[in-house]
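> Chains as they are written, first to last, in the numbering used here: chain A, 1 to 207; chain B, 208 to 414; chain C, 415 to 621; chain D, 622 to 828. C-beta atoms are modelled at their ideal positions from N, C-alpha and C, and glycine is treated no differently. Note that the structure is predicted; figures quoted are calculated from it, not measured.
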DNA sequence: AATGAATGAGAATTCATTCAT
DNA sequence: GATGAATGAATTCTCATTCAT
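#1: Check the Cβ of residue 350 of chain B against every Cβ in chain A and list those closer than 7 Å, keeping chain order.
#2: I need the straight-line Cα distance from residue 549 of chain C to residue 695 of chain D, nearest angstrom please.
#3: Nearest chain A C-beta to residue 209 of chain B closer than 8 Å, yes or no?
#4: Within the same chain, show all residues whose beta-carbon is closer than 6 Å to that of residue 533 of chain C, passing over the 5 residues directly before and after it, in chain order.
#5: So is residue 167 of chain A in contact with chain B if we call contact Cβ pairs under 8 Å?
#6: Please state the DSSP three-state secondary structure of residue 149 of chain A.
#7: Just to confirm before moving on: does the CB-CB distance between residue 40 of chain A and residue 23 of chain A stay below 8 Å?
#8: Does any CB atom of chain D fall closer than 8 Å to the CB of residue 616 of chain C?
#9: In whole angstroms, what separates the C-alpha of residue 540 of chain C from that of residue 476 of chain C?
#10: At a CB-CB cut-off below 8 Å, which residues of chain D make contact with residue 468 of chain C?
#11: Quick check on residue 571 of chain C - is its C-beta less than 8 Å from some C-beta in chain D?
#12: Would a check of beta-carbon distances place residue 750 of chain D closer than 8 Å to chain C?
#13: From what residue to what residue does the alpha helix (DSSP H) around residue 215 of chain B run?
#14: Since residue 37 of chain A is in the alpha helix (DSSP H), which residue starts that stretch and which ends it?
#15: Who are the Cβ neighbours of residue 745 of chain D in its own chain at under 8 Å, not counting the five residues just before and after it?
#16: Per DSSP, what kind of secondary structure is residue 203 of chain A in: helix, strand or coil?
#17: Is there a Cβ from chain B that is less than 8 Å from the Cβ of residue 18 of chain A?
#18: Since residue 812 of chain D meets chain C, which of its residues come closer than 9 Å, beta carbon to beta carbon?
#19: Relative to the C-alpha of residue 60 of chain A, which candidate in A:50, A:42, A:29 and A:37 has its C-alpha closest?
#20: Chain B partners of residue 153 of chain A, CB-CB under 8 Å?
#21: Using a Cβ cut-off of 8 Å (strictly closer), state whether residue 445 of chain C contacts chain D.
#22: For residue 687 of chain D versus residue 714 of chain D, is the C-beta spacing smaller than 8 Å?
#23: Who are the neighbours of residue 705 of chain D on chain C, taking C-beta pairs under 7 Å?
#24: Got a sec, what are the start and stop residues for the alpha helix (DSSP H) residue 682 of chain D sits in?
#25: Keeping to the same chain, check which residues put their C-beta closer than 7 Å to that of residue 285 of chain B; ignore five residues upstream and five downstream.
#26: In chain C, which residues lie with their C-beta within 8 Å of the C-beta of residue 735 of chain D?
#27: With distances taken between CB atoms, is the gap from residue 778 of chain D to residue 472 of chain C smaller than 8 Å?
#28: Quick one: does the C-beta of residue 732 of chain D sit closer than 7 Å to a heavy atom of the ligand NAD?
#29: In the DSSP assignment, find the alpha helix (DSSP H) that holds residue 51 of chain A and state where it starts and stops.
#30: Rank B:210, B:211, B:394 and B:406 by C-alpha distance to the C-alpha of residue 306 of chain B and give the top, closest one.
#31: Check the Cβ of residue 648 of chain D against every Cβ in chain C and list those closer than 9 Å, keeping chain order.
#32: Give me, in chain order, the residues of the same chain whose beta-carbon lies closer than 8 Å to that of residue 328 of chain B; leave out the 5 immediate sequence neighbours on both sides.
#33: One question on the structure: do residue 402 of chain B and residue 303 of chain B come within less than 8 Å of each other, judged by their Cβ atoms?
#34: Kindly give me the distance between the Cβ atoms of residue 227 of chain B and residue 250 of chain B, rounded to whole angstroms, as I take these residues to be in contact under 8 Å.
#35: Does the Cβ of residue 652 of chain D have 16 or more other Cβ atoms within 10 Å, making it buried, or fewer, making it exposed?
#36: Using C-beta distances below 8 Å, list every residue in its chain close to residue 669 of chain D, excluding the 5 sequence neighbours before and after it, in chain order.
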């Protein structure tokens, strides 16, 4: 894919990727201006369209780029862990660290989640299903020790609820947080309280 | 508000509302084309702009229209009910019925939630706070009998989890159902299974 | 011409004429809004177009109406006067009085002079030649006693210069004056100074 | 200013300037159609708006362009001349030559004088004060030898009358000449007759 | 006769994409 | 390969005029 772009020197590639992510994150697919991108990346108009054929392919390229980035997040999580609550605690930690390091990419992910431009809608859904949403979670959740759960509950449903709670909590917090610096130990503690609550309810009572 | 539009015959009004909701749901505020709307509604170009002065006012009208619609949903729910799971069971029932009747409106609500066009952002936030988001839920959740919950859990967090589960379940289902009319008793049953699970976990064990 | 309009009751006719003059004076032919006119005159949209067939004919009607008005100005001037400077002194007096009484019409005349909308340009020029510009002056200048002029000057050219000076002075003043109340005896005096200068130069030296 | 436009080849620039001047002269700012201009200039719709950002800037550019053009007129006039009638004879000669070369520009100047579109009014007034109206005349009239005038007349008023006569004569002639190329030596002669008349009247009698 | 809702051509402007240099 | 001027379809919105009631 995109061999012309791939053969550029690293520094130029990053300039373009950063400019494009910034613009798509800021304005969404439709409103994002290729003019803005080429200005920010300091390249010629024609160049952008010779690397990627059009705006849509540039966008889809970024989706793939970001998805690989996310993979890295989940690869940091201990694969042998079988306690789902421990896994989620680790994932939260990794995410918080990344947010601090590359807030733009998370903004872009938020923009992706809100995206509804018809040109990219179908491709976006496809990619979302493939790897964006829950990619890691599914992979990770293979090794979960189901015996810890109360015998009277459907484990799969319990896991759904944990996932949904994690996603909703994250969304709620990222709506609250507008400035970069607000992430906090307190936030992690609050999240652990939700996890504790669910663990106490879903796991067998400890003797 | 919008007296010229109000005085149209019902059939024409609905044609316009449906066309506009469909277009805004499909493409978001920015990309939604007034040309598309007038074509779909089969009215003249000038007419749309004589009813509503511009695209923005048409959009804001739809927000209000939809909000009244939502009010009807929640007004059907029994206000005296104190069991949160009963309340959610009722809400689910009402929503499912409505979805069958006007699937477009729920698509529109999803689009509203994703909307980030600056032209309508501030008005949208205002309306969201006023009545769109969780208006009913908050109102309804006032009377909840907290004594039914296990004494070792934070009731507010438990309610959060129930809300998030409801919203996430609904979203998951509406993604599965691509506007096909496959809502089903089975779906309601599945939802009740989630509610049952949560009730068994969050409420005190029955003697 | 315009029998439907002519048969309206006087009060309604005046409401329409005033509204139209006001709007054309304010905005010029092109920018003048028929909507504004019907709103100000408090009549129905269709009515205006049944009285006059279109905007252009309404405008041309006003030109004729105003021209008759101007006739009245000049009919007040003493027809037996043979001294051109006396005639101009009288005309100035009459004009100043009228301006105080109906400033709108003079605004309209100014707007006519500046008008360059292609739709009315040719008709406007025709009417200007016919009666608007210098109509009175030409009629009045029939009886002028040419023997008072110095024998070494072309009387027709001298009269041209007097006319041009009068028009230019009036234009200069009306550009200066933006508020109604600024007309003044001082202005009349200044004008008489120009007339005196020209009289002293153009007339034979008095013994 | 307008670097993209400036870097076009001369022939294309002139095509655009001529088309725009023609259209603005014909219809005034408001009614002038950018569609008409691009059609006449044979360029693409987007091009006009990439050279100048919008209709207003195109118009203001033309004002400046024309003002430079006028400067050339006055720079050809002998600055050391102190006889106002000689100055006007020279100016007339230059103007008549220019009219033959670019009759459009004078039409445009007339349209500018009549312009009252609110979008450009303030900028227009600013430029008028700066250089358009009487720039040359005022500059030139600094060196006038006032001792040549009769001692019983107000020199400033006499100069006003000469100016007004020049402007009115020019206007009268340009109304007669409907863009036909009938400027003529006869016209210049006629103008000199007016100047002679005024000189004989305003200057001291030669011994 | 009077009404005013409906019409649709036309306005200015934008922007992804192309292509000659 | 790189460039950026040129393109024109598509955008929202206006308003004189028509016509069914």
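In brief:
#1: On the second chain, residue 350 of chain B is found 143 positions in, with the first residue counted as 1. None at all; the shortest Cβ gap to chain A is about 23 Å.
#2: By one-based count along the third chain, residue 549 of chain C stands at place 135. By one-based count along the fourth chain, residue 695 of chain D stands at place 74. With a pLDDT of 48 at residue 549 of chain C, under the threshold of 50, the modelled position of that residue is not reliable, and no figure is offered here.
#3: Within the second chain, numbered from 1, the residue matching residue 209 of chain B stands at position 2. No, its Cβ sits nowhere closer than 8 Å to a Cβ of chain A.
#4: In the third chain, counting from the first residue as 1, residue 533 of chain C sits at position 119. Excluding residues within five positions, the ones whose Cβ falls inside 6 Å are 470.
#5: Numbered from 1 along the first chain, position 167 holds the residue referred to as residue 167 of chain A. Yes, residue 167 of chain A lies at the interface with chain B (some Cβ there is under 8 Å from its Cβ).
#6: Here the question's residue 149 of chain A lines up with position 149 in the first chain. Residue 149 of chain A falls in the strand class under three-state DSSP.
#7: Position 40 of the first chain, counted from the first residue, corresponds to residue 40 of chain A. Position 23 of the first chain, counted from the first residue, corresponds to residue 23 of chain A. Contact flag set, yes.
#8: Within the third chain, residue 616 of chain C is the residue found at index 202, counting from 1. With 8 Å as the cut-off, residue 616 of chain C counts as an interface residue toward chain D.
#9: Here residue 540 of chain C refers to the residue found at position 126 when the third chain is read from its first residue. Here residue 476 of chain C refers to the residue found at position 62 when the third chain is read from its first residue. Looking at the two C-alpha atoms, the distance is approximately 15 Å.
#10: Taking the first residue of the third chain as position 1, residue 468 of chain C is located at position 54. The premise fails here: residue 468 of chain C is roughly 16 Å from chain D at the closest Cβ pair, so nothing lies under 8 Å.
#11: To locate residue 571 of chain C, count along the third chain from 1; it is residue 157. Chain D, which has a Cβ nearer than 8 Å to the Cβ of residue 571 of chain C, makes this yes.
#12: Numbered from 1 along the fourth chain, position 129 holds the residue referred to as residue 750 of chain D. No, residue 750 of chain D lies away from the interface with chain C (no Cβ there is under 8 Å from its Cβ).
#13: What you label residue 215 of chain B is simply residue 8 of the second chain in a count that begins at 1. Note, residue 215 of chain B: premise wrong, no alpha helix (DSSP H); not H, not E.
#14: Sequence index remark: in the first chain, residue 37 of chain A carries index 37 (1-based). Where residue 37 of chain A is concerned, the enclosing alpha helix (DSSP H) stretches over 34-41.
#15: Locating residue 745 of chain D in the fourth chain gives position 124, where the first residue counts as 1. Around residue 745 of chain D: 684, 733 and 736.
#16: Along the first chain, one-based indexing puts residue 203 of chain A at 203. Residue 203 of chain A: strand per DSSP, three-state reduction.
#17: Indexing the first chain from 1 puts residue 18 of chain A at position 18. Cβ-Cβ to chain B under 8 Å: no for residue 18 of chain A.
#18: Your numbering for residue 812 of chain D matches position 191 in the fourth chain. The contacting residues do not exist; residue 812 of chain D stays about 11 Å from chain C at best.
#19: Taking the first chain and counting its residues from 1, one reaches residue 60 of chain A at position 60. Out of A:50, A:42, A:29 and A:37, A:29 has the C-alpha closest to the C-alpha of residue 60 of chain A.
#20: As a working note, residue 153 of chain A is residue 153 in the first chain. 404, 407 and 408, listed in chain order.
#21: Taking the first residue of the third chain as 1, we reach residue 445 of chain C at position 31. It does; some Cβ of chain D falls within 8 Å.
#22: Reading the fourth chain from its first residue, position 66 is the one you call residue 687 of chain D. Reading the fourth chain from its first residue, position 93 is the one you call residue 714 of chain D. Not in contact: residue 687 of chain D and residue 714 of chain D (Cβ atoms no closer than 8 Å).
#23: Working through the fourth chain from its first residue, we reach residue 705 of chain D at position 84. Neighbours of residue 705 of chain D on chain C: none; closest Cβ ~15 Å, over 7 Å.
#24: On the fourth chain, residue 682 of chain D is found 61 positions in, with the first residue counted as 1. 676-696 is the extent of the alpha helix (DSSP H) around residue 682 of chain D.
#25: Your numbering for residue 285 of chain B matches position 78 in the second chain. If we look at residue 285 of chain B and ignore the five residues flanking it on each side, its Cβ neighbours are 297.
#26: The residue given as residue 735 of chain D occupies position 114 in the fourth chain. The contacting residues are 527, 528, 529 and 530.
#27: The residue labelled residue 778 of chain D in the question sits at position 157 within the fourth chain. The residue labelled residue 472 of chain C in the question sits at position 58 within the third chain. No, they are not a contact pair.
#28: No copy of the ligand NAD occurs in the structure displayed, which carries no ligand at all.
#29: For this step, residue 51 of chain A is matched to residue 51 along the first chain. Per DSSP, residue 51 of chain A belongs to the alpha helix (DSSP H) from 45-51.
#30: Position 99 of the second chain, counted from the first residue, corresponds to residue 306 of chain B. Among B:210, B:211, B:394 and B:406, the Cα nearest to that of residue 306 of chain B belongs to B:394.
#31: On the fourth chain, position 27 is the one that residue 648 of chain D refers to. Ordered by position in chain C, the residues that pass the 9 Å Cβ test against residue 648 of chain D are 444, 530, 531 and 532.
#32: Counted from its first residue, the second chain places residue 328 of chain B at position 121. So the qualifying residues of the chain are 322.
#33: Within the second chain, the letter at position 195 stands for residue 402 of chain B. Within the second chain, the letter at position 96 stands for residue 303 of chain B. Contact: no.
#34: Position 20 of the second chain, counted from the first residue, corresponds to residue 227 of chain B. Position 43 of the second chain, counted from the first residue, corresponds to residue 250 of chain B. At roughly 11 Å, the Cβ-Cβ gap does not stay under 8 Å, so residue 227 of chain B and residue 250 of chain B are not in contact.
#35: Residue 652 of chain D sits at position 31 when you count from the first residue of the fourth chain. Looking at its Cβ environment, which holds 16 or more other Cβ atoms inside 10 Å, residue 652 of chain D is buried.
#36: In the fourth chain, counting from the first residue as 1, residue 669 of chain D sits at position 48. 637, 655, 658, 659, 662 and 679, listed in sequence order.
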